[in-house]
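Numbering (my numbering), first residue to last: 1298 to 1679. Note that the Cβ used here is the ideal one computed from N, Cα and C, for glycine as well.
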Ligand code: CAA
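This is the structure in structure tokens:
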């Protein structure tokens, strides 16, 4: 048996270094401003497109870089380490297009994925509704067949990237109130007649990533907009989340590490009682706990990503476990980092409070952590 093979392969270490350098040079200097202005960072988008990191997961067959789930996780982690808002650029592209990768025909993939790969289009995901969040299958957004076309009515809420994205994966039911079996997935175009957007949500964090409602008023969709077959939408939506919850785990690990970076620097510079506060055991124990928890979360995220790349049977368990553990870790770490910085942690002179605000969403989106625990429990109980 070969000894010592459990490590990130060299090509992934190189990818990690490349993204880290870009994040340090092009994104970190902008992060505070992106948060303060609450504007989508087009300059960051351009920098990510120039290196292919905006959508590394698009297969080579569709003009992409062919990065697997582990590569995507590394990209999102390194960007989130400096700017949560910017890390949603690759994360949303992945979430929006994974339904196509999971369930669409070659023709549908060939029509949309190259535009995402080139950076011409971003792709969002529309599952949640005002009254259908955790209970996603209770959606009311309705599709009705009309000859060869489908007519879409209803609305979606909490849609990341809405208004920026050119394309939207939208889940809709033929028969509201009947649960998963009537649900089908479609691609909606930003310029489809009858498709409009709500105002931008005024959020606690990830302020440089727009979140808006989608409204559909008799939007006509040709049959070739369908992702997979009639009635397959729910399974496609769930399989998508199995994969993309790992990305949220990676985002959470990045935010936690970014927050710890701030605390490590501060604790060694800040002097009280005649010495650096990092010399006090009370602070050391806090920093040690943070580092330990982040490393555990990172390993779980990488393991879950690699498992989904192999197509392991336990991806539902691992996706939820990685997302839940990493996001709970990120929130705990970020709160403790604010505490290490004391008053300086509570003001915007340091990024500690931004990491704390940004980290909170990772416990909520792509399924609350209560839903993740429910999914995990169902998996282990059989
Ligand atoms: N893979 C394949 N099939 C799956 C599956 C999976 N991971 N999970 C469920 N299914 C199947 C089940 O096997 C079942 O199939 P059968 O009827 O053939 O047996 C069917 O789907 C129904 O499953 P459940 O009975 O488990 O369904 P449920 O109604 O109890 O819901 C749930 C399950 C896990 C709670 C689900 O509703 C859920 O994940 N809720 C959270 C929704 C969510 O994560 N939303 C996030 C939106 S995206 C976002 O946040 C991004 C953004 O832009 C902000």
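For my contact list, residue i and residue j are in at a C-beta cut-off of 8 Å; report their separation, rounded to the angstrom.
i, j, result
"residue 1338", "residue 1321", "Contact doesn't hold; Cβ gap of about 15 Å is too wide."
"residue 1425", "residue 1454", "5 Å"
"residue 1623", "residue 1598", "6 Å"
"residue 1484", "residue 1522", "5 Å"
"residue 1502", "residue 1658", "6 Å"
"residue 1625", "residue 1366", "About 21 Å; that fails the 8 Å criterion."
"residue 1520", "residue 1445", "5 Å"
"residue 1685", "residue 1422", "Any answer about residue 1685 is impossible in this case: the structure gives the chain only from 1298 up to 1679."
"residue 1356", "residue 1533", "Going by Cβ atoms, the distance from residue 1356 to residue 1533 rounds to 17 Å, so no, they are not a contact pair."
"residue 1368", "residue 1309", "7 Å"
"residue 1524", "residue 1405", "6 Å"
"residue 1482", "residue 1430", "Contact flag wrong, Cβ pair sits at about 18 Å."
"residue 1332", "residue 1383", "With 8 Å as the limit, residue 1332 and residue 1383 do not qualify as a contact, their Cβ atoms being about 10 Å apart."
"residue 1681", "residue 1552", "Residue 1681 lies beyond the residue range present for the chain, which begins at 1298 and ends at 1679; the question has no answer from this structure."
"residue 1506", "residue 1457", "6 Å"
"residue 1637", "residue 1580", "6 Å"
"residue 1440", "residue 1487", "Actually they are not in contact, since the Cβ atoms of residue 1440 and residue 1487 sit about 19 Å apart, beyond 8 Å."
"residue 1414", "residue 1474", "Contact doesn't hold; Cβ gap of about 39 Å is too wide."
"residue 1305", "residue 1348", "Going by Cβ atoms, the distance from residue 1305 to residue 1348 rounds to 19 Å, so no, they are not a contact pair."
"residue 1670", "residue 1621", "6 Å"
Can you tell me whether residue i is helix, strand or coil according to DSSP?
i, result
"residue 1318", "helix"
"residue 1355", "coil"
"residue 1488", "coil"
"residue 1419", "coil"
"residue 1309", "helix"
"residue 1364", "coil"
"residue 1562", "helix"
"residue 1569", "strand"
"residue 1674", "helix"
"residue 1480", "strand"
"residue 1508", "strand"
"residue 1659", "helix"
"residue 1666", "helix"
"residue 1518", "strand"
"residue 1501", "coil"
Which residues in the same chain have their Cβ closer than 7 Å to the Cβ of residue i, if we skip the five residues on either side of it in sequence?
i, result
"residue 1653", "1631, 1632, 1635"
"residue 1561", "1584"
"residue 1351", "1342, 1345, 1386, 1387, 1390, 1416"
"residue 1515", "1448, 1450, 1491"
"residue 1536", "1399"
"residue 1541", "1391, 1392, 1395, 1663"
"residue 1660", "1624, 1625, 1628, 1666"
"residue 1527", "1481"
"residue 1476", "1434"
"residue 1504", "1332, 1335, 1382"
If I measure Cβ to Cβ from residue i and keep anything under 8 Å in the same chain, skipping five residues before and after, which residues do I get?
i, result
"residue 1494", "1459, 1460, 1509, 1510, 1511, 1512"
"residue 1418", "1409, 1412, 1462, 1463, 1464"
"residue 1555", "1377, 1378, 1379, 1648, 1652"
"residue 1538", "1616, 1663, 1664"
"residue 1329", "1645, 1648, 1651"
"residue 1600", "1615, 1619"
"residue 1586", "1633"
For ligand 3, any of its heavy atoms closer than 7 Å to the Cβ of residue i?
i, result
"residue 1443", "This structure simply doesn't include ligand 3; it includes ligand 1 instead."
Enumerate in chain order the residues of its own chain whose CB-to-CB distance from residue i is below 6 Å, with the five nearest sequence positions on each side excluded.
i, result
"residue 1641", "1647"
"residue 1374", "1547, 1550, 1551"
"residue 1668", "1431"
"residue 1435", "1429"
"residue 1364", "1353, 1354"
"residue 1496", "none"
At least one CB of chain D closer than 8 Å to the CB of residue i: is that the case?
i, result
"residue 1434", "The chain inventory of the structure shown lacks chain D, comprising one protein chain alone."
Which residue spans inside the stretch 1572–1647 form an unbroken alpha helix (DSSP H) run of at least 4?
1578–1607, 1612–1638
Those runs of the beta strand (DSSP E) which lie wholly inside the stretch 1370–1409 and span at least 3 residues:
none
Please specify which runs of the beta strand (DSSP E), each continuous and at least 3 residues long, are wholly inside the stretch 1416–1474, giving them in chain order.
Fully enclosed beta strand (DSSP E) runs of no fewer than 3 residues occupy 1420–1423, 1439–1443, 1446–1457, 1464–1470 of the stretch 1416–1474, in order along the chain.
Inside the stretch 1523–1553 only - alpha helix (DSSP H) runs reaching at least 4 residues
none
At which residue ranges does the stretch 1331–1355 contain complete alpha helix (DSSP H) runs of 4 or more residues, listed in the order of the chain?
1339–1348
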